[in-house]
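Each residue of the sequence shown is one higher than the last, beginning at 55 in the working numbering. A short write-up of the structure that comes next.
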Amino acid sequence: MEGTLVDSNVILDVLTDANARSHRAAATLADAGGSGPDADRARAWEAWARVDLCRLTEAESLARALLLTATDAQARLWAQSALARCLLHQERGDEAVAHASLEADQTAGIDAPMAAMVGDLAVRALLVAG
Numbered sequence: 055m056e057g058t059l060v061d062s063n064v065i066l067d068v069l070t071d072a073n074a075r076s077h078r079a080a081a082t083l084a085d086a087g088g089s090g091p092d093a094d095r096a097r098a099w100e101a102w103a104r105v106d107l108c109r110l111t112e113a114e115s116l117a118r119a120l121l122l123t124a125t126d127a128q129a130r131l132w133a134q135s136a137l138a139r140c141l142l143h144q145e146r147g148d149e150a151v152a153h154a155s156l157e158a159d160q161t162a163g164i165d166a167p168m169a170a171m172v173g174d175l176a177v178r179a180l181l182v183a184g
């Protein structure tokens, strides 16, 4: 049991470090007036990280803004998933379903871990909504 707790803490530390790095990268791009696919992806990841940090209002605002402005398909999908995840944390399952996607054409060009997270969120949203 103790080994599992230690392993969990190590994983949490790694995830926290990754969130902090992504937040800094997105903030650097935003401060520099960065735009384009890389900046959109960094901001989408930042929205995801803000959900992890329970900064749900900020996460929702950032994700919604990206859905209106991002031109990169991966960034839009990631922002859409971050928004669905944020809405699920706020117990707004009906709204989350509208932003969760299991469409194969949307996940065709993304890597397997991201596709798995997108699919997981879609299933969770559908389960919550009934």
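A virtual CB, placed ideally from N, CA and C, is assigned to each residue, including glycine.
Do Gln-134 and Ser-155 have their beta-carbon atoms positioned less than 9 Å apart in this structure?
In the sequence shown, counting from the first residue as 1, residue 155 sits at position 101. In the sequence shown, counting from the first residue as 1, residue 134 sits at position 80. Taking 9 Å as the Cβ cut-off, Ser-155 and Gln-134 qualify as a contacting pair.
DSSP on Thr-111, reduced to helix/strand/coil?
Sequence index remark: in the sequence shown, residue 111 carries index 57 (1-based). Three-state DSSP puts Thr-111 in a helix.
For Ala-166, count the other beta carbons within 10 Å of its own beta carbon; 16 or more makes it buried, fewer makes it exposed. Which is it?
As a first step, residue 166 must be located in the sequence shown, where it is residue number 112. Exposed, since its Cβ has fewer than 16 Cβ neighbours within 10 Å.
Considering only residues of the same chain and omitting the five flanking positions on each side of His-153, which have a CB-CB separation below 6 Å?
Taking the sequence shown and counting its residues from 1, one reaches residue 153 at position 99. Cβ neighbours of His-153 beyond the five flanking positions: Gln-134, Leu-137 and Ala-138.
For Gln-128, does the three-state DSSP call read helix, strand or coil?
For the purposes of this step, residue 128 is taken as residue 74 along the sequence shown, with counting starting at 1. The answer is helix: DSSP assigns Gln-128 an H, G or I state.
Would you kindly report the start and end of the unbroken alpha helix (DSSP H) that includes Ala-154?
As a position in the sequence shown, residue 154 is number 100, starting the count at 1. Judged by DSSP secondary structure, Ala-154 falls outside any alpha helix (DSSP H); it is assigned neither H nor E.
Less than 9 Å between the beta carbons of Leu-121 and Leu-142, yes or no?
Mapped onto the sequence shown, residue 121 falls at position 67. Mapped onto the sequence shown, residue 142 falls at position 88. 9 Å or more divides the Cβ of Leu-121 from the Cβ of Leu-142.
With respect to the alpha helix (DSSP H) encompassing Asp-174, which residues constitute its N-terminal and C-terminal limits?
Reading the sequence shown from its first residue, position 120 is the one you call residue 174. Note, Asp-174: alpha helix (DSSP H), 166-183.
For Asp-126 and Arg-109, the rounded distance between their alpha carbons
By 1-based counting over the sequence shown, the position of residue 109 is 55. By 1-based counting over the sequence shown, the position of residue 126 is 72. Their backbone Cα atoms lie some 24 Å apart in a straight line.
Exposure of Asp-94, with buried meaning 16 or more beta-carbon neighbours within 10 Å:
Here the question's residue 94 lines up with position 40 in the sequence shown. Classification for Asp-94: buried.
Report back the beta-carbon spacing between Ala-98 and Arg-104 to the nearest angstrom; my notes put them in contact at under 8 Å.
For the purposes of this step, residue 98 is identified with residue 44 of the sequence shown, where counting begins at 1. For the purposes of this step, residue 104 is identified with residue 50 of the sequence shown, where counting begins at 1. A Cβ-Cβ distance of about 11 Å is found for the pair Ala-98 and Arg-104, leaving them out of contact under the 8 Å criterion.
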